[in-house]
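Quick notes on the structure that follows.
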Amino acid sequence: MNPLIASASVLAAALAIGLASLGPGLAQGNASGQALEGIARQPEAEGKIRGTLLLSLAFMESLTIYGLVIALVLLFANPFAS
Amino acid sequence: MMPLIDLWTALPLAKLEVGHHFYWYIGNLRVHGQVFITTWFVMALLIAVAFVASRNIQRVPSGIQNLMEYALEFIRDLTKSQMGEHEYRAWVPFVGTLFLFIFVCNWSGALVPWKLIELPEGELAAPTNDINTTVALALLVSLAYFYAGLRKRGLKYFTKYIEPTPVLLPIAILEDFTKPLSLSFRLFGNILADELVVSVLVLLVPLFVPLPVMVLGLFTSAIQALVFATLAATYIGEAMEGHGGDHEAAHS
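In the order they appear, the protein sequences are chains A and B. Counting with the numbering used here, you get residues 8 to 89 for the letters of the first sequence. Counting with the numbering used here, you get residues 4 to 255 for the letters of the second sequence.
Right under this line is the structure:
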């Protein structure tokens, strides 16, 4: 593989993982904090809040997973490698 | 083992490959043998547990029957909370099968010492770290919610594409593609990432240090099974209910 392409791919993979975990991480922390506040205010709604929280956390996490998939493609199945 | 570069382009579903595979040849179709072996193991385990639990049913459950009844109640409550009181009944088996299969698959990758069984090439691991498995499961969910919508609402189901305004038609169609895509990628990415992190840590520090990460992996695997089942139930419930109600849970 061309060393330039290899180094650019590794850098891009690192950036993809880093950025893709930065934003959803902040957002998930925010969402969990808000949910915790909601439970503290209204403990009887805990089940509903937990369900919604899990669902939205899953959606946020899928963004990170997209970044991971991009990184994996760049590292193991690089379309620019040939 | 560090995963090796492997470009395999025979099937469009399997572009992304990490590691070597143990191929079986059916005609001129190459299938991943190691996935089939672990899948059959998981299925046999589930069937055996269900069989043992449902022989000799007691009025006051104990032991394995108690465990399976707990699992059933858990899945029933999950389905009921996503689909509502009226519709959930018929879908408990489907959602339960998805949940139990994914859960046992994920945990089998971490708990069963697959290393002891040597294959000619490739190695045994959780079946869900192969993208073909997760894509198949996600497509099953897609089929299920189309079936549910068509069965419940007939051809009026397709009005959901143009319901608020036909301007949103491309987005509504796109949604049908992003649903299985995000379902399959989430499960696949989580399990594969878990496996990669553990294998990299084992490579660096073989003793004791990977253990907390492996426990965390068990936790995330269980959560992923829960999330998959919850989302499947949500999509099916959403397809069955008419438009106009609360409709916010399905944008990824």
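Note that CB positions come from ideal geometry on N, CA and C, so glycine has one too.
Please go through the same chain and pick out, in chain order, the residues whose beta-carbon is closer than 6 Å to the beta-carbon of residue i, but skip the five residues on each side of it.
i	result
B/L10	Annotation note: pLDDT 37 at B/L10 (below 50); position unreliable, no value reported.
B/L158	none
B/F191	I134, T137
A/M67	P31, A34, Q35
A/A42	I56, L60
B/P183	A141, L142, S145
Could you pull out every residue in the same chain whose Cβ sits closer than 7 Å to the Cβ of residue i, ignoring the five residues on either side in sequence?
i	result
B/L127	Q37, I40, T41, W117, I120
B/P123	F25
A/A78	A20, A23, I24
B/M46	none
B/I165	L172
B/N193	T223, Q227
A/A15	none
A/V17	none
B/L234	L186
B/K83	Y91
What is the rounded straight-line gap between the Cα of residue i and the Cα of residue j?
i	j	result
A/N9	A/S89	9 Å
A/N85	B/G152	40 Å
B/I29	B/R58	38 Å
B/M71	B/A53	8 Å
A/G74	B/P213	24 Å
A/F87	B/P209	34 Å
B/G99	B/T162	30 Å
B/T168	A/S69	28 Å
B/E90	A/L82	45 Å
B/V95	B/Q61	22 Å
B/N69	A/P50	29 Å
B/S65	B/V55	12 Å
A/A65	B/I67	31 Å
B/Y160	A/V76	33 Å
B/A147	A/A13	42 Å
B/V34	B/W27	5 Å
B/V170	B/Y150	25 Å
Counting only Cβ pairs nearer than 8 Å, list the residues of chain B close to residue i.
i	result
A/G32	In chain order: nothing, as chain B lies at least about 14 Å away.
For residue i, go through chain A and note every residue whose CB falls closer than 7 Å to its CB, in chain order.
i	result
B/G192	I72, L75, V76
B/S185	S69
Grouping DSSP H, G and I as helix and E and B as strand, with all else coil, what is residue i?
i	result
A/I77	helix
B/I165	coil
B/R33	strand
A/P10	helix
B/H254	Its pLDDT being 46, under 50, B/H254 is placed unreliably in this model, and the coordinates cannot settle the point.
B/M243	helix
A/I24	helix
B/T12	Its pLDDT being 37, under 50, B/T12 is placed unreliably by the model, and the measurement read from it follows with that caveat. In the structure shown, B/T12 sits in coil (DSSP, three-state: anything other than H, G, I, E or B).
Listing by chain order, which chain A residues have their CB less than 9 Å from the CB of residue i?
i	result
B/F188	S69, I72, Y73, L75, V76
B/V230	L61, L62, L64, A65, E68
B/T233	G58, L61, L62, A65
Closer than 7 Å to a non-hydrogen atom of the ligand ATP - does that hold for the CB of residue i?
i	result
B/L177	This structure lacks the ligand ATP; in fact it carries no ligand of any kind.
For residue i, which of the options has the nearest alpha-carbon?
i	options	result
B/Y73	B/L103, B/I50, B/V218	B/L103
B/M217	B/V230, B/V34, B/V201	B/V201
B/S111	B/V95, B/F44, B/A175, B/L70	B/F44
B/G240	B/V63, B/L219, B/R33, B/L81	B/L81
B/R156	B/A51, B/A242, B/P183, B/L143	B/A242
B/N109	B/E90, B/P64, B/A196	B/A196
B/N132	B/L32, B/L234, B/G220, B/T233	B/G220
B/L48	B/V144, B/F149, B/R189, B/F106	B/F106
B/A129	B/V95, B/L177, B/E198	B/E198
A/S39	A/F83, A/V80, A/I12, A/T59	A/T59
B/L229	A/L61, A/Q41, A/M67	A/L61
B/L101	B/A113, B/I176, B/E178, B/A139	B/A139
B/A225	B/A175, B/L114, B/D179, B/L32	B/L114
Below 7 Å on C-beta distance, what does residue i contact in chain B?
i	result
A/G25	Here the premise fails: no neighbours, minimum Cβ distance about 14 Å.
A/G58	S84
Kindly list, in the order they appear in chain B, the residues whose Cβ is closer than 9 Å to that of residue i.
i	result
A/G36	Chain B residues near A/G36: none, gap ~17 Å exceeds 9 Å.
Which residues in the same chain have their Cβ closer than 8 Å to the Cβ of residue i, if we skip the five residues on either side of it in sequence?
i	result
A/A52	G45, I46
A/S28	T71, G74
B/L19	With a pLDDT of 37 at B/L19, under the threshold of 50, the predicted position of this residue should be treated as unreliable, though the coordinate-derived value follows. Within the same chain, B/L19 has close Cβ partners I134.
B/F77	none
List the residues of chain A whose Cβ lies closer than 8 Å to the Cβ of residue i, in chain order.
i	result
B/A175	Correct list: empty, because the minimum Cβ distance to chain A is about 18 Å.
Run through chain E and tell me which residues come within less than 7 Å of residue i, C-beta to C-beta.
i	result
B/A196	Absent here is chain E; the protein component of the structure consists of chains A and B.
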